Amino acid sequence: MTKSVYIVAVESSADHVGAGLIKSIKKKSSAIKLLGVGGPFMETEGVISRVDITDLAIVGFVEALKSYPKIMISIKSTVNDILFTSPDLVVLIDSWGFMIRVAKKLKKSGYKGKIVKYIAPQVWAMRRKRSKVLSRYTDHLLSIHDFESHYFETNGLSVTYVGNPVFDVKNIFQKKDTAY
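Position 160, counted from 1, in the sequence shown is what numbering that gives the first Met the number 0 calls 159; the numbers after and before it change by one each time, with no gaps.
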């Protein structure tokens, strides 16, 4: 039986991370079916967004209020698509507000697959209660900082340190013609 992974990335930086994850999955196995919600970087890797995320990268309180209905529709559409496609694994990348709502709705709907959060909320800097919330609605955390694990493991969430994807990008600072 073919395994399937559904990747959700609604911001540009998360889309980059999602594209890197897709590349890594493809290197491990070509038999895994990849689905998701993302942008142009994930699309370049062959995963066409199943939900329109145009204009979801929102900055500022007023802009967030204006966009609230669109955000909620996108969350509902994402959850419905995940339930419809029934993947074995869902990976939620960054974007705390959007992703925790998706995770909560999936758990409450009875979704049977695993839910993984990739890039933890920075509970070590602020909002430590998010650790407890995340452990309630996800099954595993892929951490980009090696010091984060104890903040989540104390609440029962298993953590794997995967490194920061920023360091996988070619170093533009070493090229002579683009040095800063």
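Note that the Cβ used here is the ideal one computed from N, Cα and C, for glycine as well. All figures in this text were calculated on a predicted structure; none of them were measured in a lab.
Check, Outcome
"Considering only C-alpha positions, which residue in the set Tyr67, Phe151, Gly38, Arg135 is nearest to glutamate 10?", "Gly38"
"Determine the direct distance from the alpha carbon of phenylalanine 97 to that of isoleucine 70, and round the result to whole angstroms.", "8 Å"
"Does the separation of the CB atoms of lysine 113 and leucine 88 fall below 8 Å?", "yes"
"Can you have a look at phenylalanine 40 and say buried or exposed, based on whether 16 or more other CB atoms are within 10 angstroms of its CB?", "buried"
"Tell me the rounded alpha-carbon separation between tyrosine 160 and leucine 91.", "16 Å"
"Straight-line CA distance for valine 18 to glutamate 42?", "The displayed chain sequence assigns alanine, not valine, to residue 18. Their backbone Cα atoms lie some 8 Å apart in a straight line."
"Thinking just about the alpha-carbon of each residue, which of Arg100, Arg127, Phe146, Gln121 is nearest to the one in threonine 137?", "Arg100"
"How about aspartate 93 and alanine 13: do their beta carbons lie closer than 8 Å?", "yes"
"Give me the DSSP bridge partner(s) of threonine 159.", "Leu141"
"State buried or exposed for histidine 15, treating a residue as buried only when at least 16 other CB atoms are found within 10 Å of its CB.", "buried"
"Once you ignore the five residues that flank alanine 8 on each side, which residues in its own chain have a CB closer than 6 Å to its CB?", "Asp14, Gly17, Gly37, Ile92"
"According to DSSP, is valine 132 part of a helix, a strand, or is it coil?", "helix"
"Compute the distance between the beta-carbons of tyrosine 110 and leucine 156, then report whether it is under 8 Å.", "no"
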